[in-house]
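Asks: Here's a structure for you.
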Amino acid sequence: MSIIYLVLPLALLVVLLGVLAFLWATRRGQYDDLDTPAIRVLHDDAPGASAPDHYAGQTETRG
Amino acid sequence: MDDAAPRQFCCAGCRTAYAILREHGLGQYYELPERRDRPVTTSGRTFDEFDHPAFHALYVKATGNGLSRVELYLEGVHCGSCVWLVERVPLILPGVARAELNVRRALATVEWDSAAVPLSRVARTLDSLGYPPHPFRGMRREELRRREDRAALARIGVSGALAANVMLAALALYSGWWSGMEAPIARFFRWMSLALATPALIGPGRVFFQSAWAALRTRTLHMDLPIAIALGAGFVRGAINTVTDTGPIYFDGVVMLVFLLLCGRYLQQRGQRAAADAAELLYSLTPATARVLSADGVAREVPAEAIVPGDLLEVRSGESFAADGVVASGESAVNVALLTGESHPVFTRQGDKVFAGTLNVASPIRVRVTEAGEERRVARILRQVEESAGRRAPVVQLADRLAGWFTAVVVALAVTAFLFWTGRDPEQAIDNAIALLVVTCPCALALATPLAVTAAIGRAARAGIFIKGGEALETLSKPATLFLDKTGTLTEGRTSLVHWEGAEWPKPLVLALERESTHPLAAAVRAAFGNQPAPVPEWSRHVIGGGVEGRVSGHQIVVGSPKFVTSHARPEGAPATEEALRRAPWLITGAPRTDPSSPSAPRDDRGSTAPREDRGGTAPWHDRGGTAPREDRGGTAPWGDDEIEGTGIDGALTPVWVAVDGVVVARAGFGDALRCDTREALDALRARGWRLGILSGDDEHVVRAVGSTLGFAPGECRGGLTPEDKLHAVERARMSGPVVMVGDGVNDAAAIAAATVGIGVHGGAEACLATADIYLTKPGLSSLIELTQGSRRTMAIIRRGIAFSLAYNVVGATLAVVGAINPLIAAVLMPASSLTVLLAAWRGRSFAGEAA
């Protein structure tokens, strides 16, 4: 059972990574608007037209 | 446009929109599963102020790569197709790089190249889609709020992850308790729990200690106080037990409590945010800039803040006034719907008073400013709105006081139990006190209500009812006094052609004259006849307050009020050409009073888009191939105004006559059609014991006429009210019980805010909806019934939850005081009770309607 002394901290390390990923996503504003992207994803892109880039960062834009 | 031909359009606007979309390969819009059912209303403003440097200084930010970014509030946003339109159509303009919409908040972010395209152009595009934009003034506050929201989410995420892992450790410990766990491993798990609980408490859990400390310093009782004591005591006791390796640790309960409470707070906060958001729009009522004429007659654009009494403003057609003032020169028609709810423009000339926020619809005028800034009438009304909204606080204070009492009782009980047990069994004293604090933790109490309300609000939103605050549900669960506005609430709120008597053939001629006019009646004509081809008039002339005359296809056409038509329509030589006579048998004569569907016919609920083609069948002169052309009787028509005035609801109609070559050939009634299911909804509410009444800014006998068709007693219909009168009426009624106010206009805003519950209806002015607690997105008033029933069910769910958690607390507290349960059992019982209450709250069917 002494393996648990190794495995448990490892598991907690994974949790830490998860928490850090969550914090990163929160800071990036991924949770700011939970309604619109759900609607937006259903709209097909116009064939041939360059689609608007909704996932460009807060300050940079392409398109 | 050709492929548009076989399609049916409700109005010219839809056809134009269709053409634009097709032209740019965006025809997919018409395949979208949910499209807006609301008619597109374009404000028609020029949005020139959007290009002014002062505007840019206030609202526009540079993005750093040569583009500019602005955030705009859009009116009328509510569904998936709105997202589609707002995010695609502006991109058609060269220079627009990005358009993004947050549909919940109706906030659009636009990035564009200010060198390539002016912002006013973008604004006009959005306006033409039916989303009039307003600058978003709260950018700085928005940044703060965004940070707060993210911080709250981060706290929830961190405490959730920690709580889950502490729970896992606790599970291992509990099962180890029964099956036998090696002491070193058990110790390892206990230390691990301590290691996880510590960051949970000093990180996310800190907020409770902070607010408890703040409450202590201000000597007030707050729900957070016992929470902080329980958290602190549980943690300290657990830590001591961990170090000494004896007795239970409470980390699982403590950390779970932090997580659940943070979740509850977040849900509550989000609801409050929505309310605060919408209030922003109140500031968008008046233009941001105005043109001030200096003494030498040079106009320069200045920010609205810089206007002072005595300035001379130039206000063009289609612009709204930035300040109150007196017309110095010119004459025009002013749409004062903002202040009175009256949908017809008021004829205004030199010496007349105009008010900020109202819209100049006809021709340019100059206005001498009398009141500016905070002294303007609209600003005073908004102040009343804010004051009324602030006065709602007593309800909140009461809830806080109750929570305070609860807190005081729990803390006193814990201290008593501690002192009592210290005398007999010091070992047990601290455990029993902690058990008491943990088991009576008000988290079921604190969470059940917000959760039930949040669940109800979510369900209601799917039924087309947007509820901003939970308090409204309480009022609506019991019958009370309900006041309704007339224009826009009981009726559609826009002028439409509801009555056409006479031949069909003059319609294109009328349309030809009205095509370019900004007059609301002209808009109604376009809405009704827009799909017909119309010739181009040779000349036309508008007479303010009268009508329009002109020459189309060689005929003199006069359209306008009966007085105007009779005075202007004069035969010019031959009444008409041979050809016209053959094509269109002259009518005119006494209107067929025997015609059963004639003047007092029931109003057509289909509203503006359906002129009464069907009625024609009963009118002998309607048939185009008519074999019996009637003899022309001359320039005046035999109808009198009295008939229109006197017959029930038609009293609300504005008569308009059409004369061709001096002969009155048709008679139209323009008015405001009733919303479709008004009568049924009102009857259902009456049957449930609600006391109903109308408060309207419209003319008293128009209000009576409409009211009587809806089953109102004359005493229940009050007309001719100013916004201030409405406010007073609501305040008076509040003295004898809760009052619900339903309205749509800014003139209702103060009354809506003053009422116990304010409800804004489908299609209302966004600025009025800002002050409302509830917004109905479905046309018609049937949502009101759903709303009252859903509120009743929600309140039942909340009451059950509170009763359960109180009963549980009383039993738990008793057991803890007598020492029958130790903190460990209390820590298990606490989440069990919470979960029961929360599940009941979440699952409870409050609002049934899931249908779109």
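In order, the protein sequences belong to chains C and E. In terms of numbering that gives the first Met the number 0, the numbers along the first sequence are unbroken and rise by one, the last being 62. In terms of numbering that gives the first Met the number 0, the numbers along the second sequence are unbroken and rise by one, the last being 851. All C-beta atoms in this analysis are idealised placements derived from N, C-alpha and C, irrespective of residue type, glycine included. Please read all numbers here as calculations on a predicted model, not as lab measurements.
Contact check, G546 (chain E) vs S566 (chain E) under 8 Å by CB: the rounded distance?
Replies: Contact flag wrong, Cβ pair sits at about 10 Å.
Asks: Strictly below 8 Å CB to CB, what residues from chain C border V82 (chain E)?
Replies: Per Cβ cutoff of 8 Å: T35, I38, R39 and H42.
Asks: By the criterion of Cβ-Cβ separation under 7 Å, what are the contact partners of V18 (chain C) in chain E?
Replies: Those within 7 Å of V18 (chain C) in chain E are G156, V157 and A160.
Asks: Taking L7 (chain C) as the query, report the chain E residues whose CB atoms sit under 9 Å from its CB, ordered along the chain.
Replies: In chain order: A168, F187, F188 and M191.
Asks: On a CA-only basis, which of E:G175, E:A526 and E:E513 is nearest F188 (chain E)? Give me that one, please.
Replies: Among E:G175, E:A526 and E:E513, the Cα nearest to that of F188 (chain E) belongs to E:G175.
Asks: Name the one or two DSSP bridge partners that W111 (chain E) has.
Replies: DSSP, once it has assigned bridges, lists E:S67 and E:V95 as partnering W111 (chain E).
Asks: Pick from E:P203, E:G204 and E:I228: whose alpha carbon is nearest that of L215 (chain E)?
Replies: Closest option to L215 (chain E), Cα to Cα, is E:I228.
Asks: Which same chain residues, not among the five before or five after G553 (chain E), have their C-beta less than 6 Å away from its C-beta?
Replies: Same-chain partners within the cutoff: there are none.
Asks: By how many angstroms is the C-alpha of S158 (chain E) removed from the C-alpha of C262 (chain E)?
Replies: C262 (chain E) and S158 (chain E): Cα-Cα distance of roughly 10 Å.
Asks: Could you tell me if G233 (chain E) is buried or exposed, where buried requires 16 or more neighbouring beta carbons within 10 angstroms of its beta carbon?
Replies: Classification for G233 (chain E): buried.
Asks: Throw me the rounded Cβ distance for the S113 (chain E) and S80 (chain E) pair, which I believe falls under 8 Å.
Replies: Their Cβ separation, rounded to whole angstroms, is 29 Å, which puts S113 (chain E) and S80 (chain E) out of contact at 8 Å.
Asks: Any beta carbon from chain E within less than 8 Å of I2 (chain C)'s own beta carbon?
Replies: So, not an interface residue.
Asks: Could you name the residues of the same chain whose beta carbon sits closer than 7 Å to that of G606 (chain E), not counting the 5 residues immediately before and after it, in chain order?
Replies: With a pLDDT of 35 at G606 (chain E), under the threshold of 50, the modelled position of this residue cannot be trusted, and the question is left open.
Asks: Would you kindly work out how many angstroms separate the C-alpha atoms of V551 (chain E) and V524 (chain E), rounded to a whole number?
Replies: Approximately 16 Å, taken between the alpha carbons.
Asks: In whole angstroms, what is the alpha-carbon distance linking S539 (chain E) and P507 (chain E)?
Replies: If you take the alpha carbons of S539 (chain E) and P507 (chain E), they lie about 15 Å apart.
Asks: Which residues of chain E have a Cβ atom closer than 8 Å to the Cβ of L22 (chain C), listed in chain order?
Replies: Correct list: A153, G156 and V157.
Asks: Alpha carbon to alpha carbon, how far is R423 (chain E) from A819 (chain E)? Give it in angstroms, no decimals.
Replies: Their backbone Cα atoms lie some 15 Å apart in a straight line.
Asks: Going along the chain, which residues of its own chain have a beta-carbon closer than 6 Å to the beta-carbon of A533 (chain E), five neighbours each way excluded?
Replies: Excluding residues within five positions, the ones whose Cβ falls inside 6 Å are P507, L510 and A511.
Asks: Who are the neighbours of L11 (chain C) on chain E, taking C-beta pairs under 9 Å?
Replies: Near L11 (chain C) (Cβ distances below 9 Å), the residues of chain E are N164, M191, A194 and L195.
Asks: What does DSSP give as the partner residue(s) for M191 (chain E) in the beta ladder?
Replies: Its beta-bridge partners do not exist; DSSP assigns none.
Asks: On the DSSP bridge list, what partners appear for F669 (chain E)?
Replies: Looking at the DSSP assignment, F669 (chain E) forms a beta bridge with E:L496 and E:T653.
Asks: Three or more C-beta pairs closer than 8 Å, one from the segment 720-736 of chain E and one from the segment 704-711 of chain E: is that the case here?
Replies: The segment 720-736 of chain E vs the segment 704-711 of chain E: no contact.
Asks: For Y130 (chain E), name the three-state secondary structure that DSSP assigns.
Replies: Here Y130 (chain E) sits in coil by DSSP.
Asks: Nearest to R145 (chain E) by CA position, among C:T35, C:V18, C:W23 and C:Y30, is which residue?
Replies: Checking every option, the nearest Cα to that of R145 (chain E) belongs to C:Y30.
Asks: Quick one, which of E:D50, E:F49, E:G65 and E:V85 has its alpha-carbon nearest H42 (chain C)'s?
Replies: The candidate whose alpha carbon is nearest that of H42 (chain C) is E:V85.
Asks: Hey, out of E:W841, E:A289 and E:R367, whose CA is closest to F54 (chain E)'s CA?
Replies: Selected option, being the one with the closest Cα: E:A289.
Asks: Check whether the Cβ atoms of A471 (chain E) and I773 (chain E) sit closer than 8 Å, and answer yes or no.
Replies: Yes, the pair counts as a contact, with Cβ atoms nearer than the cut-off.
Asks: Please identify the residue among E:I466, E:L230 and E:G487 whose C-alpha is closest to the C-alpha of L259 (chain E).
Replies: For the residues E:I466, E:L230 and E:G487, the minimum Cα distance to L259 (chain E) belongs to E:L230.
Asks: Tell me, please, whether the CB atom of A18 (chain E) is closer than 8 Å to any CB atom in chain C?
Replies: Taking Cβ atoms only, chain C never reaches closer than 8 Å to A18 (chain E), which makes this a no.
Asks: In whole angstroms, give me the CA-to-CA distance for W212 (chain E) and Y72 (chain E).
Replies: Cα to Cα, W212 (chain E) sits roughly 39 Å from Y72 (chain E).
Asks: Pick out the complete beta strand (DSSP E) segments inside the segment 517-542 of chain E, 3 residues or longer, and give them in chain order.
Replies: 538-542, all fully within the segment 517-542 of chain E.
Asks: Can you tell me which of the three DSSP states H55 (chain E) falls into?
Replies: Looking at H55 (chain E) - three-state DSSP - the assignment turns out to be helix.
Asks: Going along chain C, which residues have a C-beta under 8 Å from E142 (chain E)?
Replies: None at all; the shortest Cβ gap to chain C is about 11 Å.
Asks: State the Cα-Cα distance for the pair V253 (chain E) and L9 (chain C), rounded to the nearest angstrom.
Replies: Going from the Cα of V253 (chain E) to the Cα of L9 (chain C) covers about 24 Å.
Asks: Could you tell me whether the Cβ atoms of A868 (chain E) and A151 (chain E) are closer together than 8 Å?
Replies: Given a span of 0 to 851 for chain E in the structure shown, any question on residue 868 (chain E) remains unanswerable.
Asks: Is the Cβ-Cβ distance between L312 (chain E) and V345 (chain E) less than 8 Å?
Replies: It is not a contact, given that the beta carbons lie outside the stated cut-off.
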